[in-house]
Amino acid sequence: MFAQTKSIQGIVRDSQQQPLPGVSIVVKESQNGVITDANGHFTIKGVKPDESLIFSYLGFQKLTVKVGKQPMLDIILREDVAALDEVVVVGYGVQKKSDLTGSVASMRENEIARQATVSAAEALRGQIAGVNVVNTGGKPGSEMMIEIRGTNTIGQDSPPLIIIDGVEGDISMFSVLNPNSIEKMDVLKDASATAVYGSRGSNGVIIITTRSGKKGKNRISYDGSFGVKIVRDKPDMMTAQEFLRMHDVMDLYWGNVNRQHRIDNQERNNVLNGTTTDWIDFLISNGMQTSHNVSVSGGNDKSTHYLSLGYTKEEGNLEPEGFERLSANLKMSAKVGKYINVGGSINVNYTNTNLAGGEALRSIYRTRPTTRCFDDNAEPIFWLNTWEQQIPNPYFEKENSTRENRKIQAWGKIYVDIKPWKFLSFQTSINPSFSYLRSGIFEDVYTKANAGRNPAYSSLRKQTSYAYTWDNTLTFNKTYGNHKITATGLFSMQSSESDWNNMEAEGMLWNTLWNNMGAADKVRGIDSSLTKSNLMSAMMRINYIYNNRYLLTVTGRADGSSRLSTDNQWGIFPSAALGWIISEEAFMKRFTNLSNLKLRASYGISGNDRAKSYSSYMLLSRADYDFAGEPGVGFIPTTLANKNLRWEKSEEFNLGLDIGLFSNRVSFSADIYTKDTKDLILTRKLPTHIGYDQVSDNVGALNNKGIELSLTTVNITTKDFQWTTNINFAMNRNKIKRLYGDNADDIGNGLFIGHPVKTNYAYVYDGIWQIGEALRDNFNGTPTFTTTNKYGQLPGQPKVKDFNNDGVISSEYDKQIIGNMDPKWTGGMTNTFNYKGFDLSVFVYARIGEQKLSTFHETFASDYSGRFNVLNYDYWTPENQGAKHWAPGSQANSEIRKAANYKDCSFVKVGNITLGYEFNPKMLRSLKLERLRVYLTALNPFVFTEYDGWDPEWAERSVNSSALANTTIMGGINLSF
68 MFAQTKSIQG IVRDSQQQPL PGVSIVVKES QNGVITDANG HFTIKGVKPD ESLIFSYLGF
128 QKLTVKVGKQ PMLDIILRED VAALDEVVVV GYGVQKKSDL TGSVASMREN EIARQATVSA
188 AEALRGQIAG VNVVNTGGKP GSEMMIEIRG TNTIGQDSPP LIIIDGVEGD ISMFSVLNPN
248 SIEKMDVLKD ASATAVYGSR GSNGVIIITT RSGKKGKNRI SYDGSFGVKI VRDKPDMMTA
308 QEFLRMHDVM DLYWGNVNRQ HRIDNQERNN VLNGTTTDWI DFLISNGMQT SHNVSVSGGN
368 DKSTHYLSLG YTKEEGNLEP EGFERLSANL KMSAKVGKYI NVGGSINVNY TNTNLAGGEA
428 LRSIYRTRPT TRCFDDNAEP IFWLNTWEQQ IPNPYFEKEN STRENRKIQA WGKIYVDIKP
488 WKFLSFQTSI NPSFSYLRSG IFEDVYTKAN AGRNPAYSSL RKQTSYAYTW DNTLTFNKTY
548 GNHKITATGL FSMQSSESDW NNMEAEGMLW NTLWNNMGAA DKVRGIDSSL TKSNLMSAMM
608 RINYIYNNRY LLTVTGRADG SSRLSTDNQW GIFPSAALGW IISEEAFMKR FTNLSNLKLR
668 ASYGISGNDR AKSYSSYMLL SRADYDFAGE PGVGFIPTTL ANKNLRWEKS EEFNLGLDIG
728 LFSNRVSFSA DIYTKDTKDL ILTRKLPTHI GYDQVSDNVG ALNNKGIELS LTTVNITTKD
788 FQWTTNINFA MNRNKIKRLY GDNADDIGNG LFIGHPVKTN YAYVYDGIWQ IGEALRDNFN
848 GTPTFTTTNK YGQLPGQPKV KDFNNDGVIS SEYDKQIIGN MDPKWTGGMT NTFNYKGFDL
908 SVFVYARIGE QKLSTFHETF ASDYSGRFNV LNYDYWTPEN QGAKHWAPGS QANSEIRKAA
968 NYKDCSFVKV GNITLGYEFN PKMLRSLKLE RLRVYLTALN PFVFTEYDGW DPEWAERSVN
1028 SSALANTTIM GGINLSF
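Using this note's numbering, count along the sequence shown one by one with no gaps and you end on 1044.
What follows is the structure, given as C-alpha cells:
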C-alpha cells in the first residue's frame, strides 16, 4: 500500500512578519518543489504525511518541517547571520566576520576545489582583490610569485607570510601543499589585521587551515582526476621555405657579412627534397596530468581524526619535464578531562621536479628548419650544418641534459589547550618544520654546454632546513551587558637553521648523473654553508564591541630579531582599528532592503627583518695569493659591518566599507589604502676605494596606495536554478619616495624617485628607417637601400627616437621611462550556475596595463642575422617598406633592437570552466554512497591578448626556465561513503 498524498498550502514570512517571495520549498530527498509567490504564498502537491518540507532562502536559516496532518503551514524564517558570523582566522584566534575591523578576505574549500589546480597557491589567482598571484614560468611544479598590495621592497620579491595550521611557512611550502587538504584560506591585508605577526606581517599574511575531523561516523572520501595538457597558442615560427627565402633576401640586398650564418648546400638540398624538420612538432608533445586523494575523517564527543593521502603527477610538454607529489596529512584532537584539549597535526610532502635540460626549449625554437635530425642511417646528427659549432641538435639536449629537484617538506603542530573557565583559555604549542632539498644537474658530452668535446659535467646540492616556533597564548573572552571584550596575549620564540653543501665535477665515465661523482676525472668545486636565526616576540590584542555595533581593535607587538645589529634588534609594532555597524542603528531600520552597512578604519605599523643572517657583521671571503713563490690561502673582508642595521617598517592606513542588500543577495566591499615603507633593508654596492664590496643598509622609502572592490550577487534563485557571481577588482600604484638620501636616481639599476620600482627605462622604439629618411646634410644624389643616414643607420633597420635632436642616439639623453611591469588593474570574475544536479562555473581573470621586456622576442624576434630560426614576421625590403619588422641581415645595436621588445602584456584569461553533475543522494543510498559527483574541467582554455609570445603571464622570464602556454582538459570524480 502506498501512503496517500495531499496538497499543502501556506505562507512564508520573516521575523518582522513580512512575506518572503521566491522561497524554495522542496520535499526532502525528492525533486518535488515550488517557490513562494510575490505575497509569500505557496501550494505544493503530492506530499505524503510522513515526508518533510525543506524551506530555503538566501540570507535566512534553512528550515525543515515535517508535514504530518497539517493542511496549512505558517512558516517563519529567521535571518541567517552565518554570512556575517562566519568564523575568520585572524592569527592567534578567530573572529566573526561581522566583528572584523581590518581588511580580511577568505576563500573556502569548495572554491579552492573548483579551481582544480596542482598548486594550492595557484588556486588564489584572481580570486581575492589585491592579492597578486603570477606563475613564474609555467613549468610543472613552478612556484607562484605572490604579492599583497604591491611591491614593498627593491631588488627582491615581497612574499606574504604563510601560516599553515599555525606553522610559519613560505611560498615553497604553500606551493607544494595539496589543495585537496585545505578547508579555508584567510588573507590578512592591512596593517591592523597583520599587526599580530609584527615583523613578519609587513607583506600581508595568508592563513591556511587544513581539513579536520568532524563529529560523527567515519567518512571515507576519494577525489580523482585525469587529464591531458595541450600546447596552446604556438607562436608562428618560419618554415624551411620561409627561412630559405629570408636568406635569399639577405644575399640579394645586403649580402651575408657572416659566412657562418649562410645556408649550406645540404640545407638547400633538404628543402628542395622536402626533408626539412618542424622541430617544435617533432620534440614538443602533449602531457598527462592526474591526481588522486583519499581521506578518512570522523570523531565523537571525546576526539576527532582526519587522515588524507594524495598523489599528483603533472607532465610538461617537453620530455622529461614533470612534477610528482606524494602528500600525507594527519590531524587529531582529544578531550582530556573537563578542561583540557590536546591535539596535533603533521603534513608531509615529497616532490620530484624534473626541469629537463636548460637549453632544450630555446634550442628547439631557434634551430633552423632547413636541417634534419637524423642521417640516412637513422642516427642523430650532432652538428646540423657545415658552419654551426655552437648550437647542436636539440634532440641531444632533450636526451642528455637533466635538472632534477627532489624535496621532502614536513611540518606539524602539537598543542595543549586549557580552559578552566568559559571566559579564559590558555594554549601552548610547538610548531616544528623540516625540509630537505636535493638538486642535481647533469650535462653529458653531447650537449650544447659541452659541445661534443668537453667532458661531462655533474653538480649536486643538498640543503636541509629546520625551524620551530613555540607559541603561548592566553585568551580572555567575556560579555558584560552590551560590552564584549576579547583580549589575547602571546609570548613566542622562533628558531631556524639552514645548511647546504655543493659539489661539482667533470669527466664522468658513464652517464650516472650525479650519483657517482667520486669516479669523475676532476672535482671542480666544493662549498658549504650554515646559517641560524632567532626571533622572540610578545603581543597583546584587545577587541572591544559595544552594543553589537561599535568595534575597536588595538594591537601591540614587540619582536627581537638576531638578524639585526645588537643595538637595534627590538622593534615595537602597534595598530588600532575602528568599526561602525551602521545598519544596526535605529535610524537605519526603515531601510528594509539594507542587510548590512559597516564602516571600517585602521592604522598600523608592521616591520621586516629581511636581512640575511650575520648581515650586520663584517664577513670574510677566501683569497689565494703567492707567498715567496708558494701558493697561500688567506681571507679578506668583503662585506662592511653595519652596527646601525635596523628594522624596516611600514605604516598603513586603510578605510573600508561593507554593504549587504536584499538579505545579503548582494554583498559589496570596498577598501582604499596607503602604505609607506621606510628604512628598506638592501645590499648596497660600495665604491672600490673603500676596500669592501658591499654592505647591508637601511636605505630608501616606498609608497603603495590603491583601491580594492569585491562584489557577490545572487542573480537568480528558484527551486531548480541558481546563478551567483563573484567579482573582484584592484588597482595599486607604487612609487619610490627616497633612495640613498642624496635625492638622486639610480639610473644604472633602473630606480627613479617618484616612479614605480619595476620601471622600464629604455630607448623609445619609433619604427623602421626608410629610404631617404634623415639623410646627412652633405648628401647629394639619389638615396638607395644602401645609403646610410646621419645616425649611421641603413634603411630597413630599427629606429628609436632622438629626444634632444642632436643627431646622435645616446643612452644619456635618449633613454626614457617608457612604462612599468606593474598592471594598471587586476580583476577576476566567477559565475556559478546550478540547475538540479548540474553545476557549471566559469572563472575569468585579467591583468591590464603591464609592460614587460619580452625575453621570447629578445631571443626569437630580435636577431634576424640568419643564424637561427625566428618569428615569421612580415619583414622590411625595399619593395615592402610598410612591413612590421626590420630587414633581415640589417642588424642594429642590440639596445636599439631591445626597444621594440618591450611589450604590452595585458591579458584576459578564462582560467577555469567546470561542468559537473551531483547524483541524487536518495538514488545513492542503495549503493551505500553518501556523495557522487562527476565533472569535466578545462584549465586556461582561452587567452585574449595582443602578446604573440608563449604566455604574457611570464613574458619577462628567461626562455631557459619558461614553458609553453597550455590548456588542460580533464575529467574527475568526487566520491564519499
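Where a beta carbon is used, it is the ideal one built from N, C-alpha and C, also for glycine.
Going by DSSP in three states, residue i sits in which element: helix, strand or coil?
i           : result
residue 149 : In this prediction, residue 149 scores a pLDDT of 48, lower than 50, which makes its location untrustworthy; no coordinate-derived value is stated.
residue 431 : helix
residue 256 : coil
residue 166 : helix
residue 376 : strand
residue 803 : strand
residue 346 : helix
residue 657 : coil
residue 720 : strand
residue 286 : strand
residue 458 : coil
residue 84  : coil
residue 264 : helix
residue 339 : helix
residue 873 : coil
Along the alpha helix (DSSP H) that carries residue i, what are the first and last residues, could you check?
i           : result
residue 316 : 307-320
residue 961 : 961-965
residue 180 : 176-182
residue 988 : 988-991
Measuring alpha carbon to alpha carbon, tell me which of the options ends up nearest residue i.
i            : options               : result
residue 74   : 936, 876, 676 and 109 : 109
residue 539  : 607, 510 and 580      : 607
residue 554  : 116, 158 and 105      : 158
residue 448  : 463, 673 and 165      : 463
residue 1035 : 197, 136, 207 and 135 : 207
residue 398  : 381, 377 and 372      : 372
residue 380  : 615, 565, 178 and 293 : 293
residue 631  : 682, 443 and 1015     : 682
If you count every other CB in all the chains shown that lies within 10 Å of the CB of residue i, and 16 or more means buried, which is it?
i           : result
residue 457 : exposed
residue 685 : exposed
residue 461 : buried
residue 587 : buried
residue 992 : exposed
residue 749 : buried
residue 994 : exposed
residue 690 : exposed
residue 550 : exposed
residue 520 : exposed
residue 698 : exposed
residue 88  : exposed
residue 634 : exposed
residue 956 : buried
For the beta strand (DSSP E) containing residue i, list its first residue and its last residue.
i            : result
residue 1048 : The structure shown does not extend to residue 1048, since the chain is modelled only from 68 through 1044, so no value can be given for it.
residue 547  : 524-547
residue 926  : Segment 922-927 is the alpha helix (DSSP H) holding residue 926; no beta strand (DSSP E) there.
residue 979  : 974-985
residue 360  : 354-366
residue 880  : Where residue 880 is concerned, there is no enclosing beta strand (DSSP E), although the alpha helix (DSSP H) it sits in stretches over 878-881.
residue 473  : 468-488
residue 603  : 589-613
Just to confirm, is the Cβ distance from residue i to residue j under 8 Å?
i           : j           : result
residue 841 : residue 830 : no
residue 640 : residue 266 : yes
residue 167 : residue 79  : no
residue 680 : residue 599 : yes
residue 718 : residue 672 : yes
residue 570 : residue 527 : yes
residue 938 : residue 969 : no
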